[in-house]
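Student:
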Amino acid sequence: MIGIVVVSHSRALAEAAVRLAREMVSSDGGPSIRTAAGLDATTLGTDAAAVADAIGAVDSPDGVLVLMDLGSAVMSAEMALELIGPEVAARVRLSAAPLVEGLVAAAVMASAGVDLDTVTREAEQALGAKEHHLARH
Amino acid sequence: MSVASDTIALEQLRSWLRDFAAEVAEQAEYLTELDSAIGDADHGTNMDRGMKAVAALLDDASLDTPEALLKKIGMTLVSTVGGASGPLYGTFFLRFGTALPGKTEVDAGDLGAALRAGLDGVVQRGKAEVGDKTMVDAWAPALDAFDGAVTQGGGLAAALDAAVVAAARGRDGTADLVARKGRASYLGDRSVGHIDPGATSSTMLLESAARTLTA
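Note that the protein sequences, when read in sequence, are chains C and P. Per the numbering used here, residue 3 is the first one in the first sequence, and the count goes up by one each step. Per the numbering used here, residue -19 is the first one in the second sequence, and the count goes up by one each step.
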C-alpha cells in the first residue's frame, strides 16, 4: 500500500486535512499518512528535512505520494527528494493535486491497494467531481 | 598586500556568517517592511530566526572544514527559516559547501566557482531567471562581476568589492521589475516600485563577505 506525506505551511491545516481524509477510509487499515507541516505547532513554514523524514517514515516498496499546499512547500518537497537519496526518491511522486481533494482521493485509492502512478494521476484530477457538480468542467 | 589575505581560512568563514547574522538581526524590520510591500511580510523574521540558529552553530568545533561548516549552515537554514528562503538559501549553502571538498583554505578562484555552484542551486530550486525580481537579480550580476575582476588580475578584495557593487545595482534594479516568482507574483504590476527582499538580503550577505573574508 502506498504511503502519503502531506506538506503544508500550517501544521493545523495538514492535521485537519488528514483527519478529514481518514474519515473517508475504513477505521482499520488505510495508508500510512505523515504530515511535514509548520516549523512547530503554531509557526508557519516548511522544512525539507522534515519532509525527508516523513517520506522515510511512510516509505515501502509500494512508494510514496507527496501532496503540498503551495509555494515554498513545493521547493521543500523537491529538496527532500535530494536528501533521501535516489533509491527511495525513485518511488516518490510529488503531486500537483489540490491538497484536500487530492488527499481524500489518494487515501481512498491507497486503501484499495491502487498503485502509486495511478493514485498520482487520479489525485491530480480530484477537482473533477466538484467542477462537474458546479457545471464548470 | 600579502598573499595570505587572498586566501580564506575557516575562521573567516565563521566571521562572515556571524557578521551576516548581526546584519540580518539589525535589519530584520527593514527586510520585513520590504516584504510586506510585495510579499507576505516575513522575510526579515524568517531570515533572523534562521541566522540566529546559524550563529549558534558557528562555534561548533566539529565543523572543521569549509565544506562541513557550509553544509551545516545550509541544513540549518532549511529547518529554521520556514519560507522560501529556507530551501533557497539552504540549497545555496549546501551547493557552495559541496563545491569545496577537501579544502581547508579557499582562494578567489575557489570562492568564485563555489558561489556559482550555490547560485546554480538557487536557480535549480526556485526556477527563477534574471528579471523575475528575485535574489537571482542580485547574485547573477554579482558573480559575473566577481569573475570579471578575478580574470582581470584583481585579488579577493577587489573581486568582492566588484560583486557588492553589482549586487546592489541588481537589487536596486528589482524595483522596476514585475514579480514573476513567489507571493509577489500574485501582485503583478503592483509589485513594481518595490525592491525585492531576497535581493536585499543577498546583497547584505555579499557586503558581509567583503567586510570579513579579506580581513
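We put the beta carbon where it would ideally sit given N, CA and C, even for glycine. These numbers come from a predicted model, not from an experiment.
#1: Could you tell me whether the Cβ of Leu129(C) comes closer than 8 Å to any Cβ of chain P?
#2: CA-CA distance, Asp117(C) and Asp112(P)?
#3: Between the Cα of Leu15(C) and those of Arg95(C), Met111(C), Gly104(C), Asp71(C), spot the shortest distance and give me the residue it belongs to.
#4: Any C-beta of chain P within less than 8 Å: which residues of the stretch 48 to 75 of chain C qualify?
#5: Closest to Glu85(P) by C-alpha separation, out of Pro46(P), Ala148(P), Gly168(P), Leu167(P), would be which residue?
#6: Short check: CB of Leu67(C) to CB of Ala125(C), under 8 Å?
#7: Going by beta carbon distance, what residues of the same chain come within less than 7 Å of Ala189(P), once the five residues before and after it are set aside?
#8: Kindly list the residues whose CB is nearer than 7 Å to the CB of Ser(-18)(P), restricted to its own chain and excluding five residues on each side of it in sequence; keep chain order.
#9: Under DSSP, the beta strand (DSSP E) around Glu85(P) begins and ends at which residues?
#10: Among Asp90(P), Ala88(P), Met115(P), Asp127(P), which has the Cα closest to the Cα of Gly101(P)?
#11: So, at 8 Å on beta carbons, what are the nonlocal neighbours of Leu253(P) in its own chain, with the 5 sequence-adjacent residues on each side left out?
#12: Of all the residues that make up the stretch 76 to 110 of chain C, which are near chain P by a beta-carbon distance shorter than 8 Å?
#13: Measuring alpha carbon to alpha carbon, tell me which of Ala33(P), Ala79(P), Asp176(P), Phe72(P) ends up nearest Arg(-2)(P).
#14: Relative to the C-alpha of Pro88(C), which residue among Met3(C), Ala23(C), Gly65(C) is closest?
#15: So Thr194(P) is in the alpha helix (DSSP H); what residue range does that whole segment cover?
#16: Which residues in chain C sit within 7 Å of Thr71(P), going by Cβ to Cβ distance?
#17: Does any residue of chain C have a CB that is nearer than 8 Å to the CB of Trp59(P)?
#18: Taking only runs that begin and end inside the stretch 46 to 132 of chain C, name each unbroken beta strand (DSSP E) of 3 or more residues, in chain order.
#19: So, with DSSP's three-state summary, where would you put Ala(-11)(P)?
#20: The beta strand (DSSP E) with Ser226(P) in it runs from where to where?
#21: Buried or exposed for Ala(-16)(P), please, with buried defined as at least 16 other CB atoms from any protein chain shown within 10 angstroms of its CB.
#22: What does DSSP give as the partner residues of Val8(C) in its beta bridges?
#23: If contact means a Cβ-Cβ distance below 9 Å, which residues of the stretch 28 to 46 of chain C contact chain P?
#24: For the candidate residues Thr194(P), Leu186(P), Asp176(P), whose alpha-carbon lies nearest to that of Thr12(P)?
#25: Does the Cβ-Cβ distance between Arg151(P) and Ala120(P) come in under 8 Å?
#26: By Cβ distance, which residues of its chain are closer than 7 Å to Asp42(C), with the 5 residues on each side in sequence left out?
#27: Name the chain C residues whose beta carbon is nearer than 9 Å to that of Pro121(P)?
#28: Between Ala1(P) and Leu186(P), what straight-line distance do the alpha-carbon atoms span, to the nearest angstrom?
#29: For the stretch 146 to 170 of chain P, which residues have a beta carbon sitting closer than 8 Å to at least one beta carbon of chain C?
#30: Residues of chain C with CB under 9 Å from Arg105(P), in chain order?
#31: Going by C-alpha to C-alpha distance, which of Asn26(P), Val130(P), Ala195(P), Pro81(P) sits closest to Val58(P)?
#32: Should the stretch 96 to 115 of chain C be called in touch with the stretch 13 to 30 of chain C, which here means at least 3 C-beta pairs below 8 Å?
#33: Interface residues of chain C around Gly77(P) at Cβ under 9 Å?
#34: Name, please, each residue of chain C whose Cβ falls closer than 7 Å to the Cβ of Ala125(P).
Tutor: The answer reads as follows:
#1: The beta carbon of Leu129(C) sits no closer than 8 Å to any beta carbon of chain P.
#2: About 38 Å.
#3: Leu15(C) has its Cα closest to that of Asp71(C), out of Arg95(C), Met111(C), Gly104(C), Asp71(C).
#4: Under the 8 Å Cβ criterion, the stretch 48 to 75 of chain C contributes Thr48, Asp49, Ala50, Ala51, Ala52, Gly73, Ser74.
#5: Per the Cα distances, Pro46(P).
#6: Yes, the pair counts as a contact, with Cβ atoms nearer than the cut-off.
#7: Excluding positions up to five away in sequence, the list reads Trp(-4), Leu140.
#8: Only weak support exists for where Ser(-18)(P) lies, its pLDDT of 43 falling under 50; the coordinates are left without a value.
#9: That run of the beta strand (DSSP E) goes 85 to 87.
#10: Nearest option by C-alpha distance: Met115(P).
#11: Any answer about residue 253(P) is impossible in this case: the structure gives chain P only from -19 up to 195.
#12: For the stretch 76 to 110 of chain C, the beta-carbon criterion of a distance under 8 Å to any beta-carbon of chain P is satisfied by Met77, Ser78, Glu80, Met81.
#13: Answer by Cα proximity: Ala33(P).
#14: When C-alpha distances from Pro88(C) are compared across Met3(C), Ala23(C), Gly65(C), the shortest belongs to Gly65(C).
#15: Note, Thr194(P): premise wrong, no alpha helix (DSSP H); not H, not E.
#16: Chain order gives the chain C residues near Thr71(P) as Met81, where near means a beta carbon separation below 7 Å.
#17: Here residue 59(P) is Ser; the residue named in the question, Trp, does not match the sequence. Chain C, which has a Cβ nearer than 8 Å to the Cβ of Ser59(P), makes this yes.
#18: Correct list: 66 to 70, 94 to 97.
#19: Looking at Ala(-11)(P) - three-state DSSP - the assignment turns out to be strand.
#20: The first residue shown for chain P is -19 and the last is 195, placing residue 226(P) beyond what the model contains.
#21: In this prediction, Ala(-16)(P) scores a pLDDT of 44, lower than 50, which makes its location untrustworthy; the coordinate-derived value is nonetheless stated afterwards. Its Cβ having fewer than 16 others within 10 Å, Ala(-16)(P) is exposed.
#22: Paired residues: Thr37(C), Leu69(C).
#23: Under the 9 Å Cβ criterion, the stretch 28 to 46 of chain C contributes Gly40, Leu41, Thr45, Leu46.
#24: Ranking the options by Cα distance to Thr12(P), first place goes to Asp176(P).
#25: For Arg151(P) and Ala120(P), no; Cβs fall outside 8 Å.
#26: Contacts found: none.
#27: Neighbours of Pro121(P) on chain C: none; closest Cβ ~23 Å, over 9 Å.
#28: Between Ala1(P) and Leu186(P), the C-alpha separation is close to 12 Å.
#29: Taken in chain order, the members of the stretch 146 to 170 of chain P whose beta-carbon sits within less than 8 Å of a beta-carbon on chain C are Gly162, Arg163.
#30: Within chain C, the residues whose beta carbon sits less than 9 Å from that of Arg105(P) are Met77, Glu80, Met81, listed in sequence order.
#31: Restricting attention to Asn26(P), Val130(P), Ala195(P), Pro81(P), the CA atom closest to the CA of Val58(P) is found in Asn26(P).
#32: Three or more Cβ pairs closer than 8 Å define a contact, and the stretch 96 to 115 of chain C meets that threshold against the stretch 13 to 30 of chain C.
#33: Result: empty, since nearest Cβ-Cβ is about 14 Å, beyond 9 Å.
#34: Those within 7 Å of Ala125(P) in chain C number zero; the least Cβ separation is about 27 Å.
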